[in-house]
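These protein sequences, in sequence, are chains R, C and H. Under my numbering, think of the first position of the first sequence as 38, with each following residue one higher. Under my numbering, think of the first position of the second sequence as 284, with each following residue one higher. Under my numbering, think of the first position of the third sequence as 284, with each following residue one higher.
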Amino acid sequence: MYNQPVAPGNDIGMIQARQNGFAAPLLLAIVAGATVGVGLYTFGYAQGASYMTDNPQACANCHVMREQLEGWRKSSHGKVAVCNDCHTPPGLGPKYVTKAINGFFHSLAFTTNHFPDQIRITPRNFRVTESSCLKCHSDLVDGIRGTRTDGSDVSCITCHRSVGHM
Amino acid sequence: VNIFERKQESRNPFFRVVELTDDVDDPAVWGKNFPLHYDSYKRTVDQERTRYGGSEALRRLPTKVDPRSVVAQNKLEDDPRLTTIWAGYAFATDFREERGHAYMLVDQRNTRRVLEFKQPGTCLNCHASTYTTMKELGNGDLTAGFEKMNQMSYSDATKLVEHPVSCIDCHDPKTMQLRITRPAFMEGMRVFKASTGIQDFDVNRDASAQEMRSYVCGQCHVEYYFKGPEKRLTFPWQKGLKVDDALAYYDEVKHADWVHADTGTQTLKAQHPEFEMYNQGVHARSGVACADCHMPYKREGGLKISDHHVRSPLLNINRACQGCHHFSEQEMKSRVETIQRRFAHSRDVAMNAVVDLIADIKSARAAGKTEKDLAASRDLHRKSQFFLDYVEAENSMGFHAPGEALRVLADATDMARRGQLALRGFISSPTKQPAPANERVQDLSSKGTR
Amino acid sequence: VNIFERKQESRNPFFRVVELTDDVDDPAVWGKNFPLHYDSYKRTVDQERTRYGGSEALRRLPTKVDPRSVVAQNKLEDDPRLTTIWAGYAFATDFREERGHAYMLVDQRNTRRVLEFKQPGTCLNCHASTYTTMKELGNGDLTAGFEKMNQMSYSDATKLVEHPVSCIDCHDPKTMQLRITRPAFMEGMRVFKASTGIQDFDVNRDASAQEMRSYVCGQCHVEYYFKGPEKRLTFPWQKGLKVDDALAYYDEVKHADWVHADTGTQTLKAQHPEFEMYNQGVHARSGVACADCHMPYKREGGLKISDHHVRSPLLNINRACQGCHHFSEQEMKSRVETIQRRFAHSRDVAMNAVVDLIADIKSARAAGKTEKDLAASRDLHRKSQFFLDYVEAENSMGFHAPGEALRVLADATDMARRGQLALRGFISSPTKQPAPANERVQDLSSKGTR
Ligand SMILES: [Ca+2]
Ligand SMILES: [Ca+2]
């Protein structure tokens, strides 16, 4: 179940809609939409652009991200990893796709004010983050992953949930 | 392109110096490929106690019958009430605190329960590396070998084994993946899952990797009985994993472990239902596995490995708990002890009630009461004994499922006292029956963390 | 997420359109400066039920004596056993599910416990905004006013108050900081802290900001009694906050709330010990405050404010729980209900035992047993009644401290059944006294999260 986390139960339909993995075509569609979308919102909000930089400060252009920024500063990773190290997948392509998707939906959510007070990571981004740990730690954990087959990998977040921010 | 897939690059940092086949039960051989694991595995000889767990190394004079020079605490001396509740059963002659895996075979061979009572080969299922033995006995057919071993006498069967639980009992030698090697657990899970609506569950095929981190332990750390003349090792899970379900099952198949010496009651003895109780707790619900706490990862040089020094997590709080709980070691320890202290209190209350009931039935018999007069109180004796014993035999002192353990003790206390009242002609007929303590059987072990 | 960090954020300057003095008890006036808070505060009129909590809006025909057109569930009808355990006491005439703060004054004025029984002004301490009233009565001296109000009749005293608990009862109008305005709580905390070795504790001086987030609630959500002819509101905390400590205190001062109609026992009725039970739980230990769950932060425009719509957190799981617990709302809800279901079961078992005991003593009296014959069973009736009532009256259905609540029920069950046995001449004299359930009094509320 780790590799397939259940929906982090928030009842906002629009969010539910994002909770399934993205098939390639749908992905493209969204990327397109996303770019437009981001463009659009960037117009009103500088923040949209924040998604394209790696500066944590930029994430916190949205005050709703401030909590994580504060927590991140204090965390063991505050000095070693930025938001995007953990919240975007390896590889430039995937990275910007993800940024676009998040940028689009988060900007949308932010403007329409449609999101829970206690923000919960989506299953998709949860998986992105799980895989991002390996960008830096794969050597260390090769051993414990050795008994695992694809799709049943060790979930780092189970035990290290708060490494990035409380 | 699936951007989530983790790269499957060289995931094998372990340097294989020997070829491991499915017939190597000697851990030393496996140790050649996995020296770090073998070293920690061997550390299970260590004896260190915690407030309620671990074990204490007590010296003794080796004798011809029992060559052990070191044993763990004698629980019967520490709490004589146990000899009363088990009167007439082998457990009343010898029962010690359990210790590390390294001792499982020698402790079994030398307990008076084996030395002075005839026991079947079945006992070995959980006290030795029996995988290769069973395969040989069954000429390749594990289950056939399992059935053969069960039907042998203990003395004959034990000659066939050499090691305590070994690498091969938990691991596939080729992939090192976890696997279930005990037919009793395969069958137990099948009937249990069926009770939750999942048909022909094959644990080695259908269980997730995280579940396997508990299932390998569930092969032994469970309540069991020997079914029929074939002495087949069987887990009472047909109706579910709760104590109520086990009792209902035993009642249905009319099973009793022994007849209580003082009361003549058809009594049941429960043994180490760690797996079942754990499944009633918030950790199982959260997807936390036995291995997470009892075999936490430890860093060895540039590598993280699972600590094979299986032991009390309270001897290893930093690794066992602090990954998930951000409180001091002292605070985590005292949280556990707060739970255990409460449990110990209610356990004592319940045990005193059962002891009182036994004394009452005993004197009632002496006073010549008829079987009919005793029926009601004996029925409550059987029930309260099993409920009490179930959580008492569970080895975490209530920690694995604090709420469920106390609920069971409250029920045991009520039943024992009502047993005493029944002898005095009082049968309770409440206007409102207690609401059920739990939802219908459900499988918590497979819940995710989210 | 770290609650302490969140607090920082909510430090926001609010527009002061009116000057708030220490004499303004009308929340509407405060609402001018804090419209968002006032709006959520007013929402406590909402009635919505959860499986075991919240409240249901039931229509009724307003009468001249009781003008309410909507009330909450009648618990006496839902569970008639309550009228038996409280026989002879006002609670047996009228006891409803509690609802939101907005109703506290009207529900008190119109309960048959007030309409049909003579009650003192003391009742108002927790059912109205009494801060300014007490100050006036004492010409500036809060405690003097408190004493005056206690000694008035309820009918006279209630004329002096107008609002349910209001801003001024929890806040300093200048700084908006939390403050304790109830002398009974100041005194209660002083004696309690003294029992833990801390001398002359002044809650408004010595409590941390985080503790205040629970203490303001602890002014009312606690067990209490009216001491002496002065009817002084008193909390039985001299020996500690546990049920055992409260009972020991009442025994020492020889207090009884009423004489049980059926048994003639000097009985005690417990009321809403939320604060005391919460202090036995893992949340208090972790530094989680009442307000964290019942008044979680919520986003209003750019601000994060404390939700003043005080209610069941199960109606607000995302804000109340998911800041700390990373599980779905459905999962959090079912975790709570699992705890509550177990509690409900053991509560029923214990209540049936107490009901049986009452019936037994009643018939023993009818059969002409002497006071001396009844002494032992009456003593156990007093104890088991209080233990049962204590956790039953606690309003979280066991959630605030699941382990402690079940431990108390197990003890209650044992004592009630032993009471029945005592009537039949059996007195238990165990070879081993139960180990103490808890460490010596300790102050959990002041534990940090680390
Ligand atoms: Ca042990
Ligand atoms: Ca309510």
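From the three backbone atoms N, C-alpha and C, an ideal C-beta is built for every residue, glycine too.
Going by beta carbon distance, what residues of the same chain come within less than 8 Å of residue i, once the five residues before and after it are set aside?
i, result
"Thr-762/C", "No information on residue 762/C is available, as it lies outside the stretch 284 to 733 that chain C covers here."
"Thr-548/C", "Val-542, Ile-644, Arg-661, His-664, Arg-665, Gln-668"
"Asp-672/C", "Ile-368, Leu-551, Lys-552, Ala-553"
"Pro-62/R", "Residue confidence is low: Pro-62/R scores 45 on pLDDT, short of 50, so the model does not pin down where it sits. Its coordinate-derived value is still stated next. None."
"Ala-705/H", "Ala-659, Ser-660, Leu-663"
"Leu-530/C", "Leu-551, Lys-666, Phe-669, Phe-670"
Measure how close the beta-carbons of residue i and residue j come, nearest whole angstrom, since I'm counting them as under 8 Å.
i, j, result
"Gly-570/H", "Gln-493/H", "6 Å"
"Ala-636/H", "Asp-697/C", "6 Å"
"Phe-558/H", "His-592/H", "Not quite, the Cβ-Cβ distance comes to about 21 Å (not below 8 Å), so this is no contact."
"Gly-564/H", "Ala-411/H", "29 Å between Cβ atoms; not a contact."
"Ala-649/C", "Leu-657/C", "Rounded, the Cβ-Cβ distance is 12 Å, inconsistent with contact."
"Arg-602/C", "Pro-579/C", "4 Å"
"Val-117/R", "Asp-91/R", "At roughly 14 Å, the Cβ-Cβ gap does not stay under 8 Å, so Val-117/R and Asp-91/R are not in contact."
"Arg-707/C", "Arg-690/H", "About 27 Å; that fails the 8 Å criterion."
Rank the options by C-alpha distance to the C-alpha of residue i and give the top, closest one.
i, options, result
"Arg-630/H", "Lys-401/H, Ile-463/H, Ser-679/H, Ala-477/H", "Ser-679/H"
"Glu-583/H", "Asp-377/H, Asp-322/H, Gln-613/H, Gln-716/H", "Asp-322/H"
"Gln-382/H", "Gln-356/H, Ala-370/H, Glu-722/H, Glu-399/H", "For the record, residue 382/H in the displayed sequence is Arg; it is not Gln. The residue with the shortest Cα to Cα distance from Arg-382/H is Gln-356/H."
"Ala-642/C", "Ser-611/C, Thr-546/C, Gly-708/C, Ala-567/C", "Thr-546/C"
"His-566/H", "Ala-531/H, Ser-497/H, Gly-511/H", "Ser-497/H"
"Pro-126/R", "Thr-135/R, Gln-155/R, Arg-198/R", "Thr-135/R"
"Ala-427/H", "Tyr-414/H, Ser-436/H, Ser-438/H, Leu-319/H", "Tyr-414/H"
"Ile-156/R", "Ala-720/H, Glu-612/H, Ser-711/H", "Glu-612/H"
"Leu-461/C", "Gly-201/R, Arg-198/R, Ser-199/R, Ile-181/R", "Ile-181/R"
Anything in chain C within Cβ reach of residue i, meaning under 8 Å, just list it in chain order.
i, result
"Arg-110/R", "Going along chain C, no residue has its Cβ under 8 Å from Arg-110/R, so there is no contact; the nearest lies around 17 Å."
"Leu-177/R", "Arg-582, Gly-585, Leu-586, Lys-587"
"Thr-149/R", "Correct list: empty, because the minimum Cβ distance to chain C is about 25 Å."
Note down, in chain order, each residue of its chain lying with its Cβ closer than 6 Å to the Cβ of residue i, except the 5 sequence neighbours on either side.
i, result
"Ile-286/H", "Since pLDDT at Ile-286/H reaches only 34, below the 50 mark, its modelled position is unreliable, and the value read off the structure follows with that caveat. Closer than 6 Å at Cβ, skipping near neighbours: Asp-575."
"Arg-343/H", "Val-354"
"Ala-375/C", "Thr-366, Trp-369"
"Asp-528/H", "Lys-522"
"Leu-64/R", "Residue confidence is low: Leu-64/R scores 49 on pLDDT, short of 50, so the model does not pin down where it sits. Its coordinate-derived value is still stated next. Answer for Leu-64/R: no residue qualifies."
"Gly-74/R", "Low confidence applies here, because Gly-74/R scores a pLDDT of 48, under 50, leaving its location unreliable; read the following figure in that light. These residues qualify, in order along the chain: Phe-141."
"Ala-688/C", "Phe-626, Val-674, Gly-681"
"Arg-502/H", "Here residue 502/H is Gln; the residue named in the question, Arg, does not match the sequence. So the list reads Arg-465, Phe-468, once near-sequence residues are dropped."
At 7 Å on the CB atoms, spell out the chain H contacts of residue i, in chain order.
i, result
"Gln-155/R", "Asn-601, Arg-602, Gln-605, Gly-606"
"Arg-198/R", "His-609"
Could you work out which residues of chain C lie near residue i, taking near to mean beta carbons separated by less than 9 Å?
i, result
"Arg-334/H", "Those within 9 Å of Arg-334/H in chain C number zero; the least Cβ separation is about 11 Å."
"Thr-366/H", "Residues of chain C passing the Cβ test: none, with the nearest at roughly 11 Å."
"Thr-159/R", "Result: empty, since nearest Cβ-Cβ is about 11 Å, beyond 9 Å."
For residue i, I'd like the list of residues in its chain whose CB is within less than 7 Å of its CB, leaving aside the five on either flank, ordered along the chain.
i, result
"Pro-717/H", "none"
"Asn-433/C", "Pro-403, Gly-404, Thr-405, Glu-513, Lys-514, Arg-515, Leu-516"
"Asn-408/C", "Arg-465, Ala-467, Leu-516"
"Tyr-335/C", "Gln-623, Met-680"
"Ala-370/C", "His-543, Ala-544, Asp-545"
"Ser-478/H", "Gln-521, Lys-522, Gly-523, Val-724"
"Val-259/C", "The first residue shown for chain C is 284 and the last is 733, placing residue 259/C beyond what the model contains."
"Arg-332/H", "Ser-338, Glu-339"
"Arg-244/H", "Missing from the structure shown is residue 244/H; chain H here goes from 284 to 733 and no further."
"Thr-441/C", "Arg-392, Leu-407"
Mind listing the chain R neighbours of residue i? Cutoff is C-beta to C-beta under 7 Å, in chain order.
i, result
"Arg-582/H", "Asp-154"
Which chain C residues are close to residue i, counting only those with a beta carbon under 7 Å from its beta carbon?
i, result
"Gly-686/H", "Ile-622, Arg-625, Pro-685, Gly-686, Leu-689"
"Ser-711/H", "Asn-635, Asp-639"
"Leu-344/H", "The contacting residues do not exist; Leu-344/H stays about 29 Å from chain C at best."
"Asp-329/H", "Here the premise fails: no neighbours, minimum Cβ distance about 27 Å."
Measuring from the CB of residue i, is there a heavy atom of ligand 4 at a distance below 8 Å?
i, result
"Ser-338/H", "Of the ligands one can find in the structure shown, namely ligand 1 and ligand 2, none is ligand 4."
Under 8 Å between beta-carbons, which chain H residues line up against residue i? List them in chain order, please.
i, result
"His-100/R", "Gly-585"
Output, in chain order, the set of chain R residues within a Cβ distance shorter than 8 Å of residue i.
i, result
"Phe-297/C", "Gly-180, Gly-183"
"Leu-461/C", "Thr-184"
Beta carbon shell of ligand 1 at less than 6 Å from a heavy atom | Gly-336/C, Gly-337/C, Ser-338/C, Glu-380/C, Glu-381/C, Arg-382/C
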